[in-house]
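Engineer: Chains as they are written, first to last, in this note's numbering: chain L, 362 to 571; chain S, 362 to 571.
For each residue, glycine too, the CB sits at the ideal point set by N, CA and C.
Structure in structure tokens, see below.
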């Protein structure tokens, strides 16, 4: 069996982490760099990843996560946020980064910038948030894959109170909105969920050939 | 450098595929199985992956993709669809699969089914579509990671006409909605984009420690 399939079968939404086990700085560097490399629509990277290190803060967050203790007990807690109302400023930043990285004159890429601005200006605030929120899910998909490859456990979570998270973490929600949580670390040997068979539809149900 | 980081640096949104190069059945099996294993909210897997094999159909689709020829020239074209209006039927299917897979009596898991039904019944049709649409993006994130690991090129695409896709592919949009395209295969050596430096924000910009 290919390692990818072994990894994805190995992973599961961890219910209980072993709080004594910490991710090594080397592995965490790989995770961070893999998040930095996540692709996004137009390459705009409308994302911010908040790493919550303070144990005190994480205990505060537990009550805004309906008591799910993974946010406290996991080695690291990542809060994936997306840009709330992306606009001209973000496009300008990207275009500048593009020009710098590829050693181009700003004039050579400004047409692309104008095109992006035009596209974005046609979207309502709600449409922009929804669009950028989806980019957070691409990051989640890659993060879970990276973690499984490194045999690091993870719990993808949509269920939390984003307003309370913003307050506790001091996030300016006009700039960024908390979308997803992903506590990562190592499963507790007492977490019975790890022994349950993975439930998935069969290939014949989810694939269709045309 | 860890293989994951090498892989993610190697990948790029391919502009031109070499249409003479085909993904081996062995690699495509890994891709399919990895898509089957993609996690989803409540484990409901509200996704359908359409593999468009017919070259004739793919040429038809090009005009519904604003002439982006990757849908024709790539080795394989995957259309990621999500459930349009998930409801009790889908929950019952999942609960039945759960009971069968884990060798449980239906009664033992029916409470969980009722909980899911309750949650879903509170959502508007629009909210349900938006929720399931996000699950498609998790699949995209994992797919791009899997492909990069196998050194298979891919082009994630949001820009296409979903109505025309549904018509051409005969998708009943009351059941499934086309959300994302991902042509996969091998880059053409003449695709100049492959030589461009990857543009990403620095870690100091996208990470924040609390």
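1) Starting from the N-terminal side, write out each stretch of the beta strand (DSSP E) that is 3 residues or longer and does not extend beyond the stretch 392-475 of chain S.
2) How would you label residue 570 of chain L, buried or exposed, when you count the other beta carbons within 10 angstroms and need 16 or more for buried?
3) Is it true that the stretch 396-403 of chain L meets the stretch 457-466 of chain L, where meeting means three or more beta-carbon pairs spaced less than 8 Å apart?
4) Consider the Cβ of residue 400 of chain S: report whether some Cβ of chain L lies at a distance smaller than 9 Å.
5) Under the three-state reduction of DSSP, which class applies to residue 546 of chain L: helix, strand or coil?
6) Are the CB atoms of residue 517 of chain S and residue 490 of chain S within a distance shorter than 9 Å?
7) In chain order, what residues of the same chain have a beta carbon less than 7 Å from the beta carbon of residue 539 of chain S, not counting five sequence neighbours either side?
8) What is the rounded straight-line gap between the Cα of residue 438 of chain S and the Cα of residue 545 of chain S?
9) Taking Cβ-Cβ distances below 8 Å as the criterion, which residues of the stretch 387-420 of chain L are in contact with chain S?
10) Enumerate in chain order the residues of its own chain whose CB-to-CB distance from residue 368 of chain L is below 7 Å, with the five nearest sequence positions on each side excluded.
11) Is the CB of residue 571 of chain S under 9 Å away from at least one CB in chain L?
12) Ignore the nearest five residues each way along the sequence and tell me which others in residue 483 of chain L's own chain have a CB closer than 7 Å to its CB.
13) Do we get a CB-CB distance below 9 Å when we pair residue 531 of chain S with the residues of chain L?
14) Please report the residue range of the alpha helix (DSSP H) in which residue 488 of chain S lies.
15) Counting only beta-carbon atoms, is residue 459 of chain S nearer than 9 Å to chain L?
16) Can you tell me the Cα-Cα spacing of residue 530 of chain S and residue 519 of chain S, whole angstroms?
17) Report yes or no: is there a C-beta of chain L within less than 9 Å of the C-beta of residue 500 of chain S?
18) Our contact map puts residue 495 of chain L next to residue 498 of chain S with C-beta atoms below 8 Å; I'd like the distance itself, whole angstroms only.
19) On the premise that residue 398 of chain S lies in contact with residue 512 of chain L, defined as a C-beta separation below 8 Å, what is that separation, rounded to the nearest angstrom?
20) Residue 462 of chain L touches chain S at which residues, Cβ-Cβ below 7 Å?
21) So, is the C-beta of residue 510 of chain S closer than 9 Å to a C-beta in chain L?
22) Within its chain, find whatever has a CB closer than 6 Å to the CB of residue 547 of chain L; leave out the 5 residues flanking it on each side and keep chain order.
23) Please compile the residues from chain L whose C-beta is within a distance smaller than 8 Å of the C-beta of residue 506 of chain S.
24) What are the boundary residues of the alpha helix (DSSP H) that residue 528 of chain L is part of?
Structural biologist: Reading off the structure:
1) Correct list: 408-413 and 437-444.
2) As a position in the first chain, residue 570 of chain L is number 209, starting the count at 1. Exposed: under 16 other Cβ atoms inside 10 Å.
3) These segments do not touch.
4) Numbered from its first residue, the second chain carries residue 400 of chain S at position 39. Closer than 9 Å to some Cβ of chain L, the Cβ of residue 400 of chain S qualifies, so yes.
5) By 1-based counting over the first chain, the position of residue 546 of chain L is 185. Of the three classes helix, strand and coil, the one that applies to residue 546 of chain L here is strand, per DSSP.
6) Counting from one through the second chain, the residue named residue 490 of chain S turns up at place 129. Counting from one through the second chain, the residue named residue 517 of chain S turns up at place 156. In this structure, residue 517 of chain S does not lie closer than 9 Å to residue 490 of chain S by Cβ.
7) As a first step, residue 539 of chain S must be located in the second chain, where it is residue number 178. Cβ neighbours of residue 539 of chain S beyond the five flanking positions: 440, 442, 523, 526, 527 and 532.
8) Numbered from 1 along the second chain, position 77 holds the residue referred to as residue 438 of chain S. Numbered from 1 along the second chain, position 184 holds the residue referred to as residue 545 of chain S. Straight-line spacing of the CA atoms in residue 438 of chain S and residue 545 of chain S works out to 6 Å.
9) Flagged, chain order: 391, 393, 394, 395, 396, 397, 398, 399, 400, 402, 404, 406, 408, 409, 410, 411, 412, 413, 414, 415 and 418.
10) Start at 1 with the first residue of the first chain, and residue 368 of chain L comes out as number 7. Cβ within range, chain order: 509 and 510.
11) Sequence index remark: in the second chain, residue 571 of chain S carries index 210 (1-based). Closer than 9 Å: yes.
12) Numbered from its first residue, the first chain carries residue 483 of chain L at position 122. So the list is empty, once near-sequence residues are dropped.
13) Within the second chain, numbered from 1, the residue matching residue 531 of chain S stands at position 170. At least one chain L Cβ lies under 9 Å of residue 531 of chain S.
14) In the second chain, the residue the question calls residue 488 of chain S occupies position 127. The continuous alpha helix (DSSP H) containing residue 488 of chain S extends over residues 486-510.
15) On the second chain, position 98 is the one that residue 459 of chain S refers to. Interface residue, yes.
16) Working through the second chain from its first residue, we reach residue 530 of chain S at position 169. Working through the second chain from its first residue, we reach residue 519 of chain S at position 158. The straight-line gap separating the alpha-carbon atoms of residue 530 of chain S and residue 519 of chain S is approximately 17 Å.
17) On the second chain, residue 500 of chain S is found 139 positions in, with the first residue counted as 1. Proximity of residue 500 of chain S to chain L, defined by a Cβ-Cβ separation below 9 Å, is satisfied.
18) To locate residue 495 of chain L, count along the first chain from 1; it is residue 134. To locate residue 498 of chain S, count along the second chain from 1; it is residue 137. With a Cβ gap of about 5 Å, residue 495 of chain L and residue 498 of chain S count as contacting.
19) Within the first chain, residue 512 of chain L is the residue found at index 151, counting from 1. Within the second chain, residue 398 of chain S is the residue found at index 37, counting from 1. Contact between residue 512 of chain L and residue 398 of chain S is ruled out by a C-beta separation of about 16 Å, above the 8 Å threshold.
20) On the first chain, position 101 is the one that residue 462 of chain L refers to. Here the neighbours are 558 and 560.
21) Stepping through the second chain from its first residue, residue 510 of chain S is reached at position 149. So yes, residue 510 of chain S belongs to the interface.
22) Within the first chain, residue 547 of chain L is the residue found at index 186, counting from 1. These residues qualify, in order along the chain: 379, 382 and 514.
23) Position 145 of the second chain, counting from 1, holds the residue named residue 506 of chain S. Those are 502, 503, 506 and 507, listed as they occur along chain L.
24) Taking the first residue of the first chain as position 1, residue 528 of chain L is located at position 167. Membership of residue 528 of chain L in the alpha helix (DSSP H) is indicated by the continuous run 523-530.
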